[in-house]
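**Q**
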Amino acid sequence: MAKKNKSVRRRRKRRVLFGIELFVLLILVGGLFIYAKVNEKMNKLDLDNNSEEASKVEVNEDVIGSKTLKGFTNIALFGVDNREENVKSGQSDTTIIASINNDTKEVKLVSLYRDTYVNIGNDVYTRCNAAYNTGGPTQAMSMINTNLDLNITNYVAVNFKALATAIDCLGGLDVEMTYVEIKNMNDYCVETSEVTGMDYEPIEMPEYPGDDKQESEILGSFHLNGVQATSYCRIRYTSGWDMKRTERQRYIISLIVEKAKKASLSTLNDIMDQVFPMIATDFSKSDLVKLGMGILSYKLGETSGFPTSNIMGDEVKRSPVGQDYVIPTTLETNVKALHQFLFGEESYEPSETVKKRSDYIAGFSGFGNSYVSDEQKALISERASTYDGSALKQSGSSGSAGSDDNNDSDYSDYSDYSDSGSSDYSDSGSSDYSDSGSSGYSDSSDYSDGGSSDYNSGDDYDDSNDSGSNNDNGYSDGGDSGYSDGGSDDSGNNYDNGSGGEDSYE
Numbered sequence: 001m002a003k004k005n006k007s008v009r010r011r012r013k014r015r016v017l018f019g020i021e022l023f024v025l026l027i028l029v030g031g032l033f034i035y036a037k038v039n040e041k042m043n044k045l046d047l048d049n050n051s052e053e054a055s056k057v058e059v060n061e062d063v064i065g066s067k068t069l070k071g072f073t074n075i076a077l078f079g080v081d082n083r084e085e086n087v088k089s090g091q092s093d094t095t096i097i098a099s100i101n102n103d104t105k106e107v108k109l110v111s112l113y114r115d116t117y118v119n120i121g122n123d124v125y126t127r128c129n130a131a132y133n134t135g136g137p138t139q140a141m142s143m144i145n146t147n148l149d150l151n152i153t154n155y156v157a158v159n160f161k162a163l164a165t166a167i168d169c170l171g172g173l174d175v176e177m178t179y180v181e182i183k184n185m186n187d188y189c190v191e192t193s194e195v196t197g198m199d200y201e202p203i204e205m206p207e208y209p210g211d212d213k214q215e216s217e218i219l220g221s222f223h224l225n226g227v228q229a230t231s232y233c234r235i236r237y238t239s240g241w242d243m244k245r246t247e248r249q250r251y252i253i254s255l256i257v258e259k260a261k262k263a264s265l266s267t268l269n270d271i272m273d274q275v276f277p278m279i280a281t282d283f284s285k286s287d288l289v290k291l292g293m294g295i296l297s298y299k300l301g302e303t304s305g306f307p308t309s310n311i312m313g314d315e316v317k318r319s320p321v322g323q324d325y326v327i328p329t330t331l332e333t334n335v336k337a338l339h340q341f342l343f344g345e346e347s348y349e350p351s352e353t354v355k356k357r358s359d360y361i362a363g364f365s366g367f368g369n370s371y372v373s374d375e376q377k378a379l380i381s382e383r384a385s386t387y388d389g390s391a392l393k394q395s396g397s398s399g400s401a402g403s404d405d406n407n408d409s410d411y412s413d414y415s416d417y418s419d420s421g422s423s424d425y426s427d428s429g430s431s432d433y434s435d436s437g438s439s440g441y442s443d444s445s446d447y448s449d450g451g452s453s454d455y456n457s458g459d460d461y462d463d464s465n466d467s468g469s470n471n472d473n474g475y476s477d478g479g480d481s482g483y484s485d486g487g488s489d490d491s492g493n494n495y496d497n498g499s500g501g502e503d504s505y506e
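Below, the structure is given as structure tokens:
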């Protein structure tokens, strides 16, 4: 079949990206130490206690000293696409905020949609997941803090194999699935198994329930091993897109948490031996012990995504932004809603930094208050916008503004997008988005988002040759590869996201 041929064509260079939203690993890191009482196990962790790096994490001035935030422990969790043991580099496929209420021990999780258009640092506006690739955990935490008014200074990062291994150590999970989810999961398993070196057995397809029920009717509970459950987390191209994908990931987290609480000491010991080498964190041992002492008290509460009010797809591609980003509508109202959700702040007033960035995104993209969802309309501010259009410079001459090593990736469909330094992506208009300047996207690699990508069965998202995980090469979001996230429609057609990009939402 054509889709299989395309899979073979890209087999050498593919790299797996899938959601690894593992709050449970954070708890296990501390909790396992408490229960096993073997300090040498902690040495398997990559403990990054670099005070100099920690001091570089940015927090908005208005947020420093917040009495409300002092009652919560906020942590950034990153699922990184780097196959190597060094999980401090590479691109974060998944970013999740874990917020622990210090009094009630309730944990809320918020997934940051990876195509969200924000300032990632150095006045560069692009996909939020570029921050990790550009400046590692420090810049990624700064990106979260400065755009969302948070105070995160600790992170946990895991590589692509951690989720599958942890689930296998726990004996697998019982997951309820629809027909479409079973079909897509089986497709994703081909690549997941190949890259992880872990085995699986495809689930036999049940009787087709009909077009009207294939995505809505739960066909039963299926026992999944690590490869299968990880593949389930990766399902993306169904109704709900990335929002539904992150919902599935949080569902898997809840199943892992419940099973981990009941696990034997020998099982926990296996997880330490096998999973800890795949984890990097800047928590100290004492901090991990403190977190772990409450392992049985933690309650997984509500989960959500960010931004909840947004616009994406063709309308965004036709806007001055020119790419298929997720545009928060608006950043300011979404931050208000986020603080209501996490901290119960009903009348939260965002910082001046957030307001300024919100005005810039709304003014530049054209998606302002009139695009705010009905649920957030009450949060719209009546203040005057600070955006004056000074940063709105689109060269119109880029044509093919990005290229890769194989010359099969371009931005020919987006004539307004420029990577040459002639286009400002800035709060102030003073900083150019440039591969050669001071913006943080430097040296020899263009911003390449996938070029001739196809979405096809059994072949996963290849994030270009090696640039995606190498900070020296700049930010490459797809290079010479195809984005194949593991599925096709019922007619056998490949899902072509049509944008040449990493994460199209068409």
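Residue 254 in UniProt numbering sits at position 254 of the sequence shown, with consecutive numbering throughout. Idealized CB from N, CA, C, for every residue including glycine.
(1) Measuring alpha carbon to alpha carbon, tell me which residue in VAL175, LEU148, ALA131 is nearest ALA140.
(2) Do the segment 213-225 and the segment 172-179 make contact, defined as three or more Cβ pairs closer than 8 Å?
(3) Report the three-state DSSP secondary structure of MET205 (helix, strand or coil).
(4) To the nearest angstrom, report how far apart LEU291 and LEU338 are at their CA atoms.
(5) Which residue's Cα is closest to the Cα of ILE96: ILE75, ILE120, GLU346?
(6) Please go through the same chain and pick out, in chain order, the residues whose beta-carbon is closer than 6 Å to the beta-carbon of GLN214, but skip the five residues on each side of it.
(7) In angstroms, rounded to a whole number, what distance separates the CA positions of TYR325 and MET312?
(8) For GLY458, does the three-state DSSP call read helix, strand or coil?
(9) Quick check on GLU302: does DSSP put it in helix, strand or coil?
(10) Measuring CA to CA, which of VAL110, LEU331, LYS317, GLY79 is closest to SER309?
(11) Out of THR267, ASP242, LEU265, ARG234, state which residue places its alpha-carbon closest to the alpha-carbon of residue 519.
(12) Check for me: the alpha helix (DSSP H) holding ILE218 runs from which residue to which?
(13) Are the segment 111-119 and the segment 298-309 touching, with three or more C-beta to C-beta distances below 8 Å?
(14) Among residues of its own chain, excluding the 5 on either side of SER297, which ones have a beta-carbon nearer than 7 Å to its beta-carbon?
(15) CA-CA distance, residue 510 and LYS317?
(16) What is the rounded straight-line gap between the Cα of THR165 and the Cα of ASN147?
(17) Check whether the Cβ atoms of SER231 and CYS189 sit closer than 7 Å, and answer yes or no.
(18) Please state if the CB of THR329 and the CB of ILE380 are separated by a distance shorter than 7 Å.
(19) Helix or strand or just coil, what does DSSP make of ILE235?
(20) In terms of residue numbering, what span does the beta strand (DSSP E) encompassing VAL124 cover?
(21) If you scan the segment 163-201 from start to end, which runs of the beta strand (DSSP E) of 3 or more residues do you find wholly inside it?
(22) Can you find the residues in the same chain that come closer than 8 Å, C-beta to C-beta, to VAL107, ignoring five residues on each side of it along the sequence?
(23) From ILE203, SER216, LYS259, LYS262, pick the residue whose C-alpha is nearest to that of LYS244; which is it?
(24) Using only CA atoms, which one of ALA260, ARG236, PHE283, LYS261 lies nearest to GLN249?
(25) So VAL80 packs on ASN145, CB below 8 Å; how close in whole Å?
(26) With a cut-off of 8 Å on the beta carbons, I'd call ILE167 and ILE271 a contact; round off their distance for me.
(27) Checking 7 Å against the spacing of the C-beta atoms, do SER351 and ASP187 come in under that value?
(28) With which residues is SER111 paired in a DSSP beta bridge?
(29) How would you write the range of the alpha helix (DSSP H) that LEU268 sits in, first residue to last?
(30) Is it true that the CB of ALA362 sits closer than 7 Å to the CB of VAL275?
(31) Just grab the DSSP bridge partners of VAL372 for me.
(32) Between the C-alpha atoms of THR267 and ASP62, what's the straight-line distance to the nearest angstrom?
(33) Just to confirm the assignment, what range does the alpha helix (DSSP H) spanning TYR387 have?
(34) Take PRO206 as the anchor and find which of ASP212, LYS183, SER193, THR192 has the nearest alpha-carbon.
(35) Going by beta-carbon coordinates alone, are residue 509 and PHE283 separated by less than 7 Å?
(36) Which of helix, strand or coil does DSSP assign to ILE327?
**A** In terms of the structure at hand:
(1) ALA131
(2) Result yes; three or more Cβ-Cβ pairs closer than 8 Å.
(3) Here MET205 sits in coil by DSSP.
(4) Each residue's alpha carbon lies about 24 Å from the other.
(5) The shortest C-alpha separation from ILE96 is found at ILE75.
(6) TYR179, VAL180
(7) About 6 Å.
(8) Annotation note: pLDDT 35 at GLY458 (below 50); position unreliable, coordinate value reported separately. Reduced to three states, the DSSP call for GLY458 is coil.
(9) strand
(10) LEU331
(11) Nothing can be reported for residue 519: it is not among the residues displayed for the chain, which extend from 1 to 506.
(12) Careful: ILE218 lies outside any alpha helix (DSSP H), inside the beta strand (DSSP E) at 218-224.
(13) yes
(14) Same-chain partners within the cutoff: LYS105.
(15) With the chain covering 1 to 506 only, the question about residue 510 has no answer from this structure.
(16) 33 Å
(17) yes
(18) Going by C-beta atoms, ILE380 is not nearer than 7 Å to THR329.
(19) coil
(20) Taken as a continuous stretch (DSSP letters only), VAL124 belongs to no beta strand (DSSP E), as it is neither H nor E.
(21) 173-178
(22) PHE23, ALA98, SER99, ILE100, ASN101, TYR298, LYS299, LEU300, GLY301
(23) For the set ILE203, SER216, LYS259, LYS262, the Cα lying nearest the Cα of LYS244 is the one of SER216.
(24) Comparing C-alpha distances from GLN249 to each of ALA260, ARG236, PHE283, LYS261 shows the shortest one belongs to ARG236.
(25) 19 Å between Cβ atoms; not a contact.
(26) Actually they are not in contact, since the Cβ atoms of ILE167 and ILE271 sit about 10 Å apart, beyond 8 Å.
(27) no
(28) ILE96, GLY305
(29) 265-275
(30) no
(31) In the DSSP output, where bridge partners are listed per residue, VAL372 has none listed.
(32) The alpha-carbon atoms of THR267 and ASP62 are separated by roughly 45 Å.
(33) TYR387 -> no alpha helix (DSSP H), and no H or E assigned at all.
(34) For the set ASP212, LYS183, SER193, THR192, the Cα lying nearest the Cα of PRO206 is the one of LYS183.
(35) The displayed coordinates of the chain run from 1 to 506. Any statement about residue 509 would go beyond what the structure contains.
(36) strand
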